Amino acid sequence: MPGKPKVVVSKTRRTRVIERDFAFTNSDVPIAKNKSLASYRAQAWEAFKRLPIPKTTEEPWRRTDLRKLPVESFVLPAEGAYKDLAPVPKDLLKPLIADQHGGQIVFMPGGVKVELEDSISKQGVIFTDLETAQEKHPDLLSRILGEVVKPEEGKFAALAGALAHNGLLLYVPKGVQIEQPLHSVYWGPGAFAHISHILVLVDEGASITYVHESASPTEPDSSTMHVGIVEIKVEAGANLKFVELQSWGKHVWNFSHERARLGRDANLDWIFGAIGSRLTKNFSELDLAGQGSNGRMSGFYFTDGNQHLDHDTQQNHFAPNTTSDLLFKGALKGKSRSVWQGMIYVAPGAQKTDGYQANRNLILDEQARADSIPGLEILADDVRCTHGATIGNLEEEPLFYLKSRGIPQEEAERLVVEGFFDPIMQRIPFEGVRARFQSAILEKMLK
Amino acid sequence: MSELVIKNLQVSIDDNEILKGVNLTVKQGEIHALMGPNGTGKSTLAYTLMGHPHYKVTAGEVWFKEENILEMKPDERARKGIFLAFQYPVAIPGVTVANFLRTAMNARRKAQNPEDKGIPLPEFRKLLKEKMDILQMDHVFAGRYLNDGFSGGEKKRAEILQMATLEPEIAILDETDSGLDIDALRIVAEGVNTLTGPDMGVLIITHYQRLLNYIKPDFVHVMYNGLIVESGGPELALKLEDQGYDWIREKYDSVPVG
Ligand SMILES: Nc1ncnc2c1ncn2[C@@H]1O[C@H](COP(=O)(O)OP(=O)(O)O)[C@@H](O)[C@H]1O
Ligand SMILES: [Mg+2]
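These protein sequence lines are chains A and B, in that order. Take 200 as the starting number for the first sequence in my numbering and just add one per residue. Take 2 as the starting number for the second sequence in my numbering and just add one per residue.
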């Protein structure tokens, strides 16, 4: 049940609604030596102070109610806060793809650890935390910081822009092809506001695979949130495979604004996996800005209990001959709820584009609910755009069929659910990621 | 020697009485044919034996290996040794034939021995290939999604493949011949003949006699209006081929209803 709006009746016969806001102050904005970072943060802070907490009267927030978000109670972690908290689970640090990763960044509350193989850094690849990047690579930073996601886009984008204490820059120079995947982990125990800013710049003709995971244990305290920005540029002829997995604790409020901009003939294979958090509102956008660019977005989610996951996706075809292909599939248990809202936009003149989007949901319990809202806005005439949205239940006949072969009920259900997710698995070129999703299915089915 | 003993089985769907007291015994090693016009309750009998939730048993018992299987769940019945080749097999998208069969085999092994780790993959692959060869199936079949986009003939073959792999003691084949062309019919029938033997009792449900040219039944029964009205040897099937079901209708419709 959504909470009642807080209406405060004052004694002076005036009724007014108090605008709630976070308790952060200007002094929470990290100090930047780099001028452009400093002015970016100042601008983001200004936007953050100006913008109100989104309400369900705003279209993108219509299905995601923040009235229970304990805004006043969030605090930033102090330097070194992680030392008193649960350590990063070893499993999280293991490479998910290939036998070895080429580099790893681990974010923790009030701390970060960076590793990069010499063989990779020798090729000019930069994979480092934001603090180091602002000192050593100001020019690269200014090529991407705030260029893809604007702090003014929303309250949470502004918050992340202004306050991100954990951030990274990944840069792959022109023409450099890296085989070994890079890996970053955000481990977020404790009752904190975890704020991240990820910047990925894959220069012309370069290619790389990058995996980012966020996770935390489930804790009783509900004053934990993660707010993040992900800015990605894949320049002309470059290739990026980007895997994002979130398994935040069930108490975590999770918000993110993410966008990837593709140059001419660039390719992006973007994979999302979401099984955690109490509430997630994620904006993910694909900007096909260069002719002939090509983006694929594949999403896997599985919710249970009272989880609420809201994914807002946008495929923008700004240039001719661009293709986008989105498939999000989710299963829901308990009283959980998912929202997927997708839009394909084709700009005037973006001819010969091919856009596809589909969202498929499987409801496993009566009280679970999925909302699926596809959308097309097409302003060019020579295009092909298709979409589909389905919400289904576990059907009796397939289950009976499986049981008639000796397979017990629970296992029959698992088999049907795995079958449901198979089209997503088929799109994921990484065995380790598939295995991760597989074990998430098992775990969620057993609950 | 196990036997399936159906006693006075009465079954309703949505309060309509479909089976009105069926008696039939199928022993391991015997082949029974159950024939009859469409809509007389043959599939209802098959589904009820397997435990489909829509079929409500209002009276009767079905004994198999010292248990009234009507009190068991469908998966328990299957693991006890009963198999139904469906008239209309359903598709399970995203689940391959191989994955499905392996899960089914492991469910059996696990029921017998909770410690069982499952059939090793190489052993399973070898077994599956052997069984596919019996039915002259392309090995790529193992990687296809179960019944998903299968032709009518492929579905029927897949049913028999499952029977071959799971090796039941009592197999019920519901109209396995329908939708098959003559070549496919021959292959499926030969497959069934290879698999049957002293350890398997078979109940072949069919509307036509043509399958019985390939699979020789020991007993033939005719179901009409929810009852087994005639039983005999193979000659009964031949009589039905010659004369159709009209004589059955005439003989048993004359009884006034109510
Ligand atoms: N699921 C069902 N719901 C309602 N009526 C059914 C259902 N299945 C079968 N029937 C009815 O039960 C009777 C017997 O059907 P069925 O057992 O399929 O016959 P057969 O296999 O001999 O052709 C028919 O009158 C049919 O319409
Ligand atoms: Mg039938």
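All residues carry an ideal CB built from backbone N, CA and C; glycine is no exception. Since the model is a prediction, treat every value here as computed from it, not as a measurement.
- Item | Straight-line gap, A:E594 to A:D581 (C-alpha atoms, nearest Å) | 40 Å
- Message: Tell me which residues pass a beta-carbon proximity test against ligand 1: closer than 5 Å to any heavy atom, given in chain order.
- Response: B:I14, B:I19, B:N39, B:G40, B:T41, B:G42, B:K43, B:S44, B:T45
- Message: Given this structure, state the Cα-to-Cα distance separating B:E67 from B:K28, to the nearest angstrom.
- Response: 14 Å
- Out of curiosity, what's the CA-to-CA distance linking A:P201 and A:T417? Residue placement at A:P201 is flagged as unreliable, the pLDDT there being 47, under the threshold of 50; the coordinate-derived value follows with that caveat. When rounded, the distance between both Cα atoms is 22 Å.
- Item | A:Y385 to A:T255 span [Cα, whole Å] | 29 Å
- C-alpha distance - A:A231 paired with A:Q333, whole-angstrom precision: 8 Å
- Query: According to DSSP, which residues form a beta bridge with A:I543?
  - Reply: A:Q514, A:L575
- Message: Spatial neighbours of A:L461 within its chain, please: C-beta separation below 7 Å, excluding the five flanking residues on both sides.
- Response: V433, L467, D486, L487, A488, G489, S492, G494
- Item | Nearest to A:M624 (by Cα), restricted to the options A:R604, A:F527, A:M424, A:I543 | A:F527
- Query: Which value, in whole angstroms, describes the spacing of the CA atoms of A:L275 and A:G427?
  - Reply: 14 Å
- What residues are listed by DSSP as bridge partners for A:N438? A:S406, A:N466
- 8 Å Cβ shell around B:N9 - same chain, five flanking residues per side excluded: G22, V23, N24, A60, G61, E62
- Compare the Cα-Cα distances from A:R458 to each of A:L563, A:G345, A:T589, A:I217 and report the closest residue. A:G345
- Item | A:R458 - partner residues in DSSP beta bridges | A:E430, A:E484
- Message: Strictly below 7 Å CB to CB, what residues from chain A border B:L85?
- Response: S603
- Message: Can you confirm whether B:V91, when its beta carbon is compared against all beta carbons of chain A, has any partner nearer than 8 Å?
- Response: yes
- Is the CB-CB distance between A:H456 and A:R477 below 8 Å? no
- Task: Kindly identify the DSSP beta-bridge partner or partners of A:M424.
- Result: A:A392, A:W452
- Query: Where DSSP assigns a beta bridge to A:F306, which residues make up the other side?
  - Reply: A:V311, A:Y385
- Message: Taking 8 Å as the threshold (C-beta atoms), are A:G529 and A:A465 in contact?
- Response: no
- Would you mind sorting B:L181 into buried or exposed? The rule is 16 or more other CB atoms within 10 Å of its CB. buried
- Mark B:G259 as exposed unless 16 or more other C-beta atoms lie within 10 angstroms of its C-beta, in which case mark it buried. Here the model assigns B:G259 a pLDDT of 43, short of 50, so the residue's position is not dependable and the matter cannot be decided.
- Message: Please tell me whether, using a cut-off of 7 Å, the distance from the CB of B:V210 to the nearest non-hydrogen atom of ligand 2 is below it.
- Response: The displayed chain sequence assigns Gln, not Val, to residue 210 of chain B. The answer is no for B:Q210.
- Collapsed DSSP secondary structure at A:F247 in the structure displayed: helix
- Message: Any beta carbon from chain A within less than 8 Å of B:T104's own beta carbon?
- Response: yes
- Message: Could you check whether the Cβ of B:D175 sits closer than 7 Å to any heavy atom belonging to ligand 2?
- Response: yes
- B:V1 at chain A interface by Cβ criterion, 8 Å: No answer is possible for residue 1 of chain B: the residues shown for chain B start at 2 and end at 259.
- Message: When you compare the CB of B:P115 with every CB in chain A, is at least one pair closer than 8 Å?
- Response: no
- Message: Short of 8 Å Cβ to Cβ, which residues in the region 582-616 of chain A face chain B?
- Response: E595, E596, P597, F599, Y600, L601, K602, S603, R604, G605, I606, P607, Q608, E610, A611, L614, V615
- Residue from B:K43, B:K57, B:G233, B:E251 with nearest C-alpha to B:D15: B:K57
- Message: Using a Cβ-Cβ distance cut-off of 8 Å, determine whether B:F101 contacts chain A.
- Response: yes
- Item | Touching by the beta-carbon criterion (3+ pairs, under 8 Å), the region 396-413 of chain A and the region 291-307 of chain A | yes
- Message: Please report the distance separating the alpha-carbon of A:E430 from that of A:E271.
- Response: 28 Å
- Message: Would you say A:P201 lies against chain B (beta-carbon separation less than 8 Å)?
- Response: Confidence at A:P201 is low in this model, with a pLDDT of 47, below 50, so the placement of that residue should be treated as unreliable; the coordinate-derived value is given next. Not closer than 8 Å to any Cβ of chain B, the Cβ of A:P201 fails to qualify, so no.
- Task: Specify, as a first and last residue, the run of the alpha helix (DSSP H) that B:I206 falls within.
- Result: Per DSSP, B:I206 belongs to no alpha helix (DSSP H); it is in the beta strand (DSSP E), 202-206.
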